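Reviewing the structure listed below.
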Ligand SMILES: Nc1nc2c(ncn2[C@@H]2O[C@H](COP(=O)(O)OP(=O)(O)OP(=O)(O)O)[C@@H](O)[C@H]2O)c(=O)[nH]1
Ligand SMILES: [Mg+2]
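Numbering (our numbering), first residue to last: 455 to 779.
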């Protein structure tokens, strides 16, 4: 997923805002879980990469993905070993034109708390000098599901939060507890920036409400190329489960609709029943800037909810219209 040199220099020189390009920086100490989080996210966005035997990132890993024909998101995964941190801190140019900075803290590694607070302060000084004005997104990472209610972990996170906030009153922060073992915690944190950059807050809210109101196992908005725009789940799910239950279902549905299209059959939804759940997917065509964008919303719920869900999905169609035109 690394980018070629030519691509790299293009990213470095182009003005991101003119071209609908966005830059997300992911920083934190070595071993904080930055590359793992990005792999989880990549899987979600379907630029597929197997979880490999992870090695520490050498300097910076650049990756990039296209989003609906118009946008490009560039991810800068800043290898966190001390020797690399020194290089970035002495060359603030790395951080120029950042749209959002994510800072990951390994909440399990108590020994490094002082060091991580020191590093974030160095980065915040740089961002101050660059007049960065968006929120700084801090993830207490490796906050695995088994620690979710652990007072010890919650206290730790709270303590660091207080230290950072009290010493940087001029900066807006948002905090997330994230873990590789709960893919939705990572996607929630990353949606924070994507929703605001891509104007997706309303549709994201709509899906979230759907999940809560109808107790859906999932509600997912995705595109023709399988890119997930927004997703909400009632339970936690790790990458393997996500692959089994969600990725496969999305591929299957996309294939189904492609076959219909090839055969000129005019059907825009699909329903599948099994003993304990009903899966429903609806296709939407939205004309935006003279381009026809196709979206899908898939939900999993109980059969008794389906009629009401269909009505709610029609409302979401309007929101999609507004968001993308
Ligand atoms: N328990 C737990 N372990 C994790 C989580 N995320 C990553 N890890 C593990 O933490 C180790 C380091 O992960 P990386 O993603 O390589 O860390 P990094 O921040 O990219 O490290 P550098 O590239 O050196 O800066 C790996 O062994 C991962 O399996 C998590 O959410 N929970
Ligand atoms: Mg790494």
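No residue lacks a Cβ here, since even glycine has one placed at the ideal position from N, Cα and C.
Nothing here was measured: the structure is a model prediction, and the numbers come from that model.
Apply the 10 Å Cβ neighbour rule to residue 583 and answer buried if 16 or more other Cβ atoms are within range, or exposed otherwise.
The residue labelled residue 583 in the question sits at position 129 within the chain shown. Counting the other Cβ atoms within 10 Å of the Cβ of residue 583 gives fewer than 16, which makes it exposed.
At least three beta-carbon pairs within less than 8 Å, the stretch 609-620 to the stretch 507-520:
In short, these stretches do not touch, since the Cβ pair count stays below three.
List the whole-angstrom C-beta distance separating residue 630 from residue 643, where the pair is believed to meet the contact cut-off of C-beta under 8 Å.
Indexing the chain shown from 1 puts residue 630 at position 176. Indexing the chain shown from 1 puts residue 643 at position 189. Going by Cβ atoms, the distance from residue 630 to residue 643 rounds to 4 Å, so yes, they are a contact pair.
Does residue 561 pass the burial test, meaning 16 or more other C-beta atoms within 10 Å, or should it be called exposed?
Against the chain shown, residue 561 aligns to sequence position 107. When all chains shown are included, residue 561 counts as buried.
Can you tell me whether residue 489 sits near ligand 2, meaning its C-beta is under 8 Å from at least one heavy atom of the ligand?
Numbered from its first residue, the chain shown carries residue 489 at position 35. Answer for residue 489: yes, Cβ within range of ligand 2.
CB of residue 752 to nearest heavy atom of ligand 1: below 8 Å?
Position 298 of the chain shown holds residue 752. Every heavy atom of ligand 1 is 8 Å or more from the Cβ of residue 752, so no.
Looking at the unbroken alpha helix (DSSP H) that takes in residue 571, where does it start and where does it end?
In the chain shown, the residue the question calls residue 571 occupies position 117. Residue 571 -> alpha helix (DSSP H) spans 567-583.
So which of 775, 690, 479 and 757 has the shortest CA-CA distance to residue 599?
If you number the chain shown from 1, residue 599 lands on position 145. Checking every option, the nearest Cα to that of residue 599 belongs to 690.
Inter-stretch contact (C-beta, 8 Å, three-pair minimum) for the stretch 640-659 and the stretch 534-543
In short, these stretches do not touch, since the Cβ pair count stays below three.
Using the beta-carbon count (16 or more within 10 Å), is residue 539 buried or exposed?
Residue mapping note: residue 539 aligns to position 85 of the chain shown, counting from 1. Classification for residue 539: buried.
From residue 767 to residue 569, what does the alpha carbon distance come to, in whole angstroms?
Taking the chain shown and counting its residues from 1, one reaches residue 767 at position 313. Taking the chain shown and counting its residues from 1, one reaches residue 569 at position 115. Taking the straight line joining both Cα atoms gives about 48 Å.
Checking contacts by CB at 9 Å: is residue 635 closer than that to chain C?
Of the protein chains in the structure, only one exists, and it is not chain C.
Measuring from the CB of residue 495, is there a heavy atom of ligand 1 at a distance below 8 Å?
Here residue 495 corresponds to residue number 41 of the chain shown, with the count starting at 1. No, ligand 1 has no heavy atom inside 8 Å of this Cβ.
Residue of 683, 572 and 757 minimising C-alpha distance to residue 653
By one-based count along the chain shown, residue 653 stands at place 199. With distances taken between CA atoms, residue 653 lies nearest to 683 out of 683, 572 and 757.
So, for residue 671: in the same chain, excluding its five sequence neighbours on each side, which residues have a beta-carbon less than 6 Å away from its beta-carbon?
Taking the first residue of the chain shown as position 1, residue 671 is located at position 217. Spatial neighbours of residue 671 in its own chain (CB-CB distance under 6 Å, excluding positions within 5 residues in sequence) are listed in chain order as 688 and 754.
Please state the DSSP three-state secondary structure of residue 746.
In the chain shown, the residue the question calls residue 746 occupies position 292. Residue 746 falls in the strand class under three-state DSSP.
Top-ranked residue by Cα proximity to residue 527, from 493, 647, 589 and 587
Residue numbering aside, residue 527 sits at position 73 when the chain shown is read from its first letter. If you compare the alpha carbons of 493, 647, 589 and 587 with that of residue 527, the shortest gap goes to 647.
What did DSSP end up calling residue 482 once you bin it into helix, strand or coil?
As a first step, residue 482 is located in the chain shown; it is residue number 28 there, counting from the start. Strand, per DSSP.
Alpha-carbon spacing of residue 494 relative to residue 593, whole angstroms:
The residue given as residue 494 occupies position 40 in the chain shown. The residue given as residue 593 occupies position 139 in the chain shown. Here the alpha carbon of residue 494 sits roughly 15 Å from the alpha carbon of residue 593.
Figure out for me which residue from 491, 745, 751 and 756 has the closest Cα to the Cα of residue 723.
Stepping through the chain shown from its first residue, residue 723 is reached at position 269. Comparing alpha carbon positions, the residue from 491, 745, 751 and 756 closest to residue 723 is 751.
Could you compute how far the alpha carbon of residue 704 sits from the alpha carbon of residue 651?
Looking up residue 704 in the chain shown gives position 250. Looking up residue 651 in the chain shown gives position 197. So the alpha carbons of these two residues sit roughly 25 Å apart.
Residues bridged to residue 532 (per DSSP)
The residue given as residue 532 occupies position 78 in the chain shown. Partner(s): 514.
Which value, in whole angstroms, describes the spacing of the CA atoms of residue 712 and residue 565?
Reading the chain shown from its first residue, position 258 is the one you call residue 712. Reading the chain shown from its first residue, position 111 is the one you call residue 565. If I take the Cα positions, the gap works out to 53 Å.
Only counting runs of 4 or more residues, tell me where the alpha helix (DSSP H) segments fall wholly within the stretch 632-675, in order along the chain.
With a minimum length of 4 residues, the continuous alpha helix (DSSP H) runs that stay inside the stretch 632-675 are 637-652 and 655-668.
Indicate whether the contact test is met: 3 or more Cβ pairs, each with one atom in the stretch 542-556 and one in the stretch 759-778, closer than 8 Å.
No, the stretch 542-556 is not in contact with the stretch 759-778.
heavy atom of ligand 1 below 8 Å from residue 510 C-beta:
Numbered from 1 along the chain shown, position 56 holds the residue referred to as residue 510. With a cut-off of 8 Å, the C-beta of residue 510 is classified as near ligand 1, since at least one heavy atom of the ligand falls inside that distance.
Taking its Cβ as the centre, do 16 or more other Cβ atoms sit within 10 Å of residue 741, making it buried, or is it exposed?
Counting from 1 along the chain shown, the entry for residue 741 is found at position 287. It counts as exposed.
Confirm the yes/no value for this check: CB of residue 635, any heavy atom of ligand 1, distance under 8 Å.
Residue 635 sits at position 181 when you count from the first residue of the chain shown. At least one heavy atom of ligand 1 is nearer than 8 Å to the Cβ of residue 635, so yes.
Can you name the residues that DSSP bridges to residue 784?
The first residue shown for the chain is 455 and the last is 779, placing residue 784 beyond what the model contains.
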